[in-house]
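Numbering (this note's numbering), first residue to last: 29 to 637.
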Ligand SMILES: Cc1ncc(C[n+]2csc(CCOP(=O)(O)OP(=O)(O)O)c2C)c(N)n1
Ligand SMILES: [Mg+2]
């Protein structure tokens, strides 16, 4: 057997370079890195030597780097995944939130935090957490519950089994998610004689599991029996590459489609069968059809509470749920009729079984009414009052082309965008709403733009999220990864303040002015963004925003536009109740009233299905 003598870190990099996806692209196109003593000498040396063959990108915050990596994978429909390496201790711990984000969203990312010395010679090393009862624990154990595959590399030859398992997880449609290889720092630097064939080029094909014959038959029968079926398209439609099959299926069988946050843009917004967003932040059209549907057909959806209106949305007493999902875990939720399969294959197989069967789609007026409501709330304001998020969204929509990618994660914007954004083509809508993690937006924008350098990436972010994490704006400037950032400054956590008041609470600790303070908060966002060498400007109104967006599209680097908005307004039209537990006893009459309506609303919930 021919062997090659390399350090474990050099072997990891060499192995990663040799992995391809079925398009022939690098499966792992490069690595984000912030070094410390836990990875600089070992992995740092190996990454430097790899040069352009395996690019290393330096971020400013470990969580931010991982957000960029995860957004890249999402924007590439899970066809590729980036690696992220950190030092031990705080560098690694900073990345745990991002691991959870990737886990919830089922997105692939290869996390390589450094770990303490396997030989324990310098024990305890700087930044080492010491467990009094368990000598094997390190900070990296925090990754276990938020990783789909976790391994600790305490000997070089562990990579011979760990790396193939890591790739198998990243490319498996069901297990897909974060992989953590905690890499002991002494092991990274240790040499080993590796079998040469370990580094042979390998292609990882996407598995597309076919449906079970009985399940697909039962699913077809359920559709044949349904009078008012509704399809709910989730993120799995994108990841399975099933957008075209979904359109064909809906058209052939007369079944309308509603979209989840992850599923949005599966059908173009102007498709006559696209009823728009479903659920808590849904359109009136989709939610009206959902309330009456006798068969709810989930395609690639996890049925999270925003989709189901906390399971109070589907109110037809005879309704059934059919769940087409590659993961049995999702397909059996709420006693659904399960169809475990790749979405693309399943839709085509079902279609063949259905023949020329077609249901009667809902009257076009439902869709038209909703589009009227959208036009009303997104139109420019008449007077000079502070604009709403919806009016800002209208301006962004008017100023962007159909290739634009609008990106967001937390605050009031995801709900408004879900309802109102008219997506032109698949992947034009990038919303991280599995974890809805404040601070994803700018870092995520970097990953989305790296995935689609030829499309405008428009990051829409609230002041709260911007303050939580903005440092990858400097990374975007440094790497020439241009973002258009629209920063909506409503002076605080507007959506949580609205939720607080809606549950009977008093405005408290959300908006900056209602938080304990000595000096009123005054943040100069333009100066802040400009200090990171981005182009930054503040606009006075919607007309100013539209003009600035044109300048931003022509800019040669990241361009931040700040606009003051009204924290009190969100779109009333559409939407659905959401289960947020209201206190059972309280000194506030408003809370007692809210509790009464809450108990009333709970009567529509069907958690026991
Ligand atoms: C990391 C994280 N912390 C807390 C929350 C809870 N949370 C959701 S939205 C929000 C406020 C966001 O403020 P901002 O970005 O200004 O948006 P706005 O609500 O004003 O539209 C908070 C605190 C979260 N989603 N993520
Ligand atoms: Mg805000």
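Each residue gets a CB set at the ideal place from its N, CA and C atoms; glycine is no exception.
- Short of 7 Å from the beta carbon of residue 492, and not among the five residues preceding or following it, lie these beta carbons of its own chain, in chain order: 439, 466, 520 and 521.
- Residue side-chain check: residue 491 places its Cβ nearer than 8 Å to a non-hydrogen atom of ligand 2.
- Relative to the Cα of residue 578, the nearest Cα in the group 494, 484 and 614 belongs to 484.
- The Cβ neighbour count for residue 208, taken over all protein chains shown within 10 Å, is at least 16; the residue is labelled buried.
- Cβ contact annotation for residue 372 (same chain, cutoff 8 Å, sequence separation greater than five): 236, 268, 269, 270 and 273, in chain order.
- If you draw a 10 Å sphere on the C-beta of residue 458, you find 16 or more other C-beta atoms in it, and that means buried.
- Taking 8 Å as the cut-off, the C-beta of residue 464 counts as close to a heavy atom of ligand 1.
- Within the chosen limit of 8 Å, ligand 1 does not reach the beta carbon of residue 360 with any heavy atom.
- Sequence-distant partners of residue 83 (beyond 5 residues in either direction) whose C-beta falls short of 6 Å from its own C-beta, in its chain, are 58.
- Taking every protein chain shown into account, the CB of residue 312 has 16 or more other CB atoms within 10 angstroms, so this residue is buried.
- Under the three-state reduction of DSSP output, residue 81 falls in the helix class.
- For residue 326, the enclosing beta strand (DSSP E) starts and ends at 323-327.
- Classified as buried, residue 257 has 16 or more neighbouring CB atoms from the shown chains inside 10 Å of its CB.
- Counting the other CB atoms within 10 Å of its CB gives residue 154 a total below 16, which places it among the exposed residues.
- Per DSSP, the beta bridge partners of residue 86 are 61.
- Counting along the chain, residue 231 sits inside the beta strand (DSSP E) bounded by residues 230-232.
- Residue range 47-49 is occupied by the beta strand (DSSP E) that includes residue 47.
- Beta-bridge annotation (DSSP): residue 248 is not paired with any residue.
- When only Cα atoms are considered, residue 285 and residue 100 end up about 27 Å apart.
- Checking the 8 Å criterion, the Cβ of residue 389 is out of range of every heavy atom belonging to ligand 1.
- Take residue 562, set aside five residues on each side of it, and the residues of its chain with a beta-carbon closer than 6 Å to its own are 501, 505, 586 and 588, in chain order.
- When DSSP states are grouped into helix, strand and coil, residue 443 belongs to the helix group.
- With the rule of 3 Cβ pairs closer than 8 Å, the segment 313-322 does not count as touching the segment 468-483.
- Under the criterion of beta carbons closer than 8 Å, residue 489 and residue 511 do not qualify as touching, at roughly 10 Å.
- A direct Cα-to-Cα measurement between residue 280 and residue 379 gives close to 8 Å.
- According to DSSP, residue pairing for residue 514 in a beta bridge involves 488 and 589.
- Around the beta-carbon of residue 230, fewer than 16 other beta-carbon atoms lie within 10 Å, marking it exposed.
- Boundaries of the beta strand (DSSP E) harbouring residue 212: 206-212, taken from the DSSP string.
- Spatial neighbours of residue 347 in its own chain (CB-CB distance under 8 Å, excluding positions within 5 residues in sequence) are listed in chain order as 321, 322, 323 and 324.
- With respect to the C-alpha of residue 399, the residue from 103, 601 and 454 having the closest C-alpha is 601.
- The residue from 473, 461 and 606 with its alpha-carbon nearest to that of residue 129 is 461.
- Positions of the beta strand (DSSP E) runs, each at least 3 residues long and wholly inside the segment 534-572, are given as 563-567 in order along the chain.
- Beta-bridge partners of residue 265 (DSSP): none assigned.
- Contact annotation: residue 78 and residue 41 have beta-carbon atoms nearer than 9 Å.
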